[in-house]
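Notes to accompany the following structure.
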Amino acid sequence: MVSAPTPAAGTFAGMFRDLFHRIRQYRRQQRQQRANLDRTDAAALATQAQPDPTRLLLVRNDSIGDYLLYRPWLRRFSEVARGRGQRLTLLANAL
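Quick note, the sequence shown lines up with residues 0 to 94 if you use numbering that gives the first Met the number 0.
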């Protein structure tokens, strides 16, 4: 006795075809979104002022114990920056 093909077999292939189509469509959308972001980023960066190489911004946002251990390094970093003719700005959280 020969069994007839089940309807699920045809539907299964259709489901895979649909799945692959959706994956390709998703990847196309992702590439397009990345391209749009790249154009937007380039336009935003073009309007910004060039960074000033004579100024340094140092950002620290940790606890007071870390800050106390960090101070000798900051002193040395400041000396090196002054030696290069750079101005150092420290941005830290309130103690």
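A virtual CB, placed ideally from N, CA and C, is assigned to each residue, including glycine.
Worksheet entry | Pair within 7 Å by beta-carbon distance, R54 and R86 | Within the sequence shown, numbered from 1, the residue matching residue 54 stands at position 55. Within the sequence shown, numbered from 1, the residue matching residue 86 stands at position 87. Their beta carbons are under 7 Å apart, which means R54 touches R86 by this criterion.
Worksheet item: Under a three-way DSSP split, which group does R59 fall into?
Response: Position 60 of the sequence shown, counting from 1, holds the residue named residue 59. R59: strand per DSSP, three-state reduction.
Worksheet entry | Reduced DSSP category for A43 - H, G, I as helix; E, B as strand; rest coil | For the purposes of this step, residue 43 is taken as the residue at position 44 of the sequence shown. If DSSP states are grouped into helix, strand and coil, A43 belongs with the helices.
Practice prompt. For R86, write down the residues that DSSP places opposite it in a beta bridge.
Written response: As a working mapping, residue 86 is identified with position 87 in the sequence shown. Partner(s): R54.
Discussion item. Taking its Cβ as the centre, do 16 or more other Cβ atoms sit within 10 Å of V1, making it buried, or is it exposed?
Written reply: As a position in the sequence shown, residue 1 is number 2, starting the count at 1. Residue placement at V1 is poorly supported in this model, since its pLDDT is 49, which falls under 50; the coordinates are not used for a value here.
Fill in: Residue from Y69, L57, S77, L73 whose Cα sits closest to the Cα of L89
By 1-based counting over the sequence shown, the position of residue 89 is 90. When C-alpha distances from L89 are compared across Y69, L57, S77, L73, the shortest belongs to L57.
Item to complete: Compute the beta-carbon to beta-carbon distance between A91 and R59, rounded to the nearest angstrom, for a pair I have assumed lies under 8 Å.
Response: Position 92 of the sequence shown holds residue 91. Position 60 of the sequence shown holds residue 59. Contact flag correct, Cβ pair sits at about 5 Å.
Fill in: Bridge partners - A91, DSSP secondary structure assignment
Start at 1 with the first residue of the sequence shown, and residue 91 comes out as number 92. In DSSP, A91 forms a bridge with R59.
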